[in-house]
Amino acid sequence: MLCPMDLRKITAQGTSLFDVFYRTGRKRRTLDEILVEVRDRFACLPGGAVTELAQLCRVAPDEVRMRAYAARVPIVDGAGALSPRTCVITVCRGASCHRADGRRILDTAKEVLGCSPGDSTKDGRFRLECAECLDVCEEGPALAVNREVHTRLTPKDVRRLLG
Ligand code: FES
Numbered sequence: 338m339l340c341p342m343d344l345r346k347i348t349a350q351g352t353s354l355f356d357v358f359y360r361t362g363r364k365r366r367t368l369d370e371i372l373v374e375v376r377d378r379f380a381c382l383p384g385g386a387v388t389e390l391a392q393l394c395r396v397a398p399d400e401v402r403m404r405a406y407a408a409r410v411p412i413v414d415g416a417g418a419l420s421p422r423t424c425v426i427t428v429c430r431g432a433s434c435h436r437a438d439g440r441r442i443l444d445t446a447k448e449v450l451g452c453s454p455g456d457s458t459k460d461g462r463f464r465l466e467c468a469e470c471l472d473v474c475e476e477g478p479a480l481a482v483n484r485e486v487h488t489r490l491t492p493k494d495v496r497r498l499l500g
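Residue numbers for the sequence shown follow this note's numbering, beginning at 338 and rising by one.
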């Protein structure tokens, strides 16, 4: 049996995937509805939440991943707290972006923000995450600022975006 408290660990400030799931009374919402709300409120889905969300919606975890990509909800590595007020910077570390020198993009983002993937800046305004793919593989390296995806980036572009 899934404990709601497990989901409360995922997000901060009293908002969790469980809240998103049941927000409309106790009526169950569809996976797509939940993903859209997660995208709008948090800009990404913590990888640690995929299994729980799959259990809640009674689908396979791969189905959650597939629908998340279709809904442009990046699945990020960190499972820590996310605040709706935090700007989430998601750097793609997929194979295509890696081949396009994506490592330099991540290194630059780390340097500019002064934090590592899975962490937030000291002022809490930014959170750095990595994703397996942002669905723009032909245009890498890519990075998303909340839902806005930026492609064909250079380190100079990253400094301009985040500086
Ligand atoms: S591998 Fe980077 S967008 Fe797909």
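Ideal Cβ placement from N, Cα and C applies to all residues, glycine included. Nothing here was measured: the structure is a model prediction, and the numbers come from that model.
Partner residues in a beta bridge of His435, as assigned by DSSP, do not exist.
Taking 8 Å as the cut-off, the Cβ atoms of Pro398 and Ala391 count as close.
In the DSSP secondary-structure assignment, Val413 is bridged to Pro383, Ala468. The continuous alpha helix (DSSP H) containing Leu498 extends over residues 492-499. Counting only the Cα atoms, Arg484 lies some 8 Å from Arg409.
Counting along the chain, Ala405 sits inside the alpha helix (DSSP H) bounded by residues 398-407. In this structure, the beta-carbon distance from Val495 to Val449 falls below 8 Å.
For the 8 Å CB-CB criterion, Pro492 and Arg441 form a contact. Thr427 sits in a strand when the DSSP states are folded into three classes. Leu499 and Ala446 have their C-alpha atoms some 8 Å from each other. Around the C-beta of Ser453, fewer than 16 other C-beta atoms lie within 10 Å, and the residue is accordingly described as exposed.
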